[in-house]
DNA sequence: ATAGTATTTAGATAGTTAGCTAACTATCTA
DNA sequence: TAGATAGTTAGCTAACTATCTAAATACTAT
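Protein chains in written order, with our numbering: chain A, 20 to 118; chain B, 20 to 118.
1. Taking all protein chains shown into account, do 16 or more other C-beta atoms lie within 10 angstroms of the C-beta of residue 62 of chain B, making it buried, or fewer, making it exposed?
2. Using CA coordinates, which residue listed in B:91, B:54, B:85, B:71 is at the minimum distance from residue 30 of chain B?
3. Below 8 Å on the Cβ atoms is my guess for residue 59 of chain B versus residue 109 of chain A; work out the distance and round it to an integer in Å.
4. If we ignore side chains and look at the alpha-carbon of each, how far apart do residue 99 of chain B and residue 80 of chain B end up?
5. Taking a cut of 7 Å between CB atoms, which residues from the segment 57-80 of chain B lie near chain A?
6. For the segment 33-51 of chain B, enumerate the residues whose C-beta is nearer than 8 Å to any C-beta of chain A, in chain order.
7. Answer yes or no: the CB of residue 76 of chain B versus the heavy atoms of the ligand SAM, is any distance below 7 Å?
8. By a C-beta neighbour count over all protein chains shown, 10 Å radius and 16 as the cutoff for buried, is residue 111 of chain B buried or exposed?
9. Output the distance between the C-alpha atoms of residue 42 of chain B and residue 39 of chain A, rounded to the nearest integer angstrom.
10. Identify the contact partners of residue 110 of chain B in chain A, using a Cβ-Cβ distance below 7 Å as the criterion.
11. Have a look at residue 23 of chain B and residue 91 of chain A and give me their C-alpha separation to the nearest angstrom.
12. If I measure Cβ to Cβ from residue 33 of chain B and keep anything under 7 Å in the same chain, skipping five residues before and after, which residues do I get?
13. State yes or no: is the beta carbon of residue 118 of chain B nearer than 8 Å to at least one beta carbon in chain A?
14. So, residue 27 of chain B versus residue 102 of chain B, is the Cβ gap smaller than 8 Å?
15. Hey, quick one: how far does the alpha helix (DSSP H) through residue 104 of chain B stretch, first residue to last?
16. Using a Cβ-Cβ distance cut-off of 8 Å, determine whether residue 106 of chain A contacts chain B.
17. So which residues of chain A does residue 93 of chain B contact, with C-beta pairs closer than 7 Å?
18. According to the neighbour-count rule (16 or more other Cβ atoms, all chains shown, within 10 Å of its Cβ), is residue 51 of chain B buried or exposed?
19. Please tell me whether residue 45 of chain B and residue 57 of chain B are closer than 8 Å, where the distance is taken between their beta carbons.
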């Protein structure tokens, strides 16, 4: 399996959950700590949130940095273009080129 | 869960598999029968292919029509725009509006 | 050092997904 | 009608996912 293929698989899968999309949307505006994000999901436990963070991180949709006792998450938009190009490979009119 | 949310979830999930993306890409150019598609996946059984077709159909990414003993699949691009708008809701700079 | 806060890891459970083989339905042809 | 072809459904296993509670880790503050 090509690395790019796995990247697209992982990103698409991560995006197939509405809570993970909500997390990304929050981070779109500014970085937030795990606790700040989790507090906006009162129906989910902290470990479940942590799991979602790890799915997003594995898919390279977010980055993390530990600052003191907090973990600050930031959105990583570089894979966004991989997703778009993956979509265009499927839906676009151009033939795929091995660029 | 909103219907649009489920549509995006389903479409993203369907797109998280490279074989399903390959199917869509084949259908991008012209409709194909289940058998024509399956013959290009020699490593997968016909029932497995049928399963992938049903995932794609449930996600409204393809349509099907039975013609004689064949089932002809066509790509359905209408949900493509839902996917794009879902991505933009996450990544775009605009705030979401309940349109 | 001790206690408290933030977050993740571990382990359990329930549900889902991908793949297989075998069996079935539907259609066509002779 | 009988046989062949196309495709799906049923039933199964193995692997994965989501969620929880409880425990562990890491850091801060007293």
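We treat Cβ as the ideally placed atom computed from N, Cα and C, and that holds for glycine.
All of these numbers come straight from a predicted model, not from anything done at the bench.
Taking the geometry as given:
1. When all chains shown are included, residue 62 of chain B counts as exposed.
2. Cα-wise, what sits closest to residue 30 of chain B is B:71.
3. Contact check for residue 59 of chain B and residue 109 of chain A: beta-carbon distance about 15 Å, past the 8 Å limit, so the pair fails to qualify.
4. 8 Å
5. none
6. 34, 35, 36, 37, 40, 43, 44, 47
7. The ligand SAM is not among the ligands present in this structure, which contains no ligands whatsoever.
8. exposed
9. About 27 Å.
10. 47, 96, 99
11. 31 Å
12. 39, 74, 75, 78, 80
13. Model confidence at residue 118 of chain B stands at a pLDDT of 46, short of 50, so the residue's coordinates are unreliable; what they give is reported in the following sentence. Chain A contact via Cβ: absent.
14. yes
15. 97-110
16. yes
17. Simply none; closest approach about 14 Å.
18. Buried is the call here.
19. Result no, Cβ atoms of residue 45 of chain B and residue 57 of chain B do not sit closer than 8 Å.
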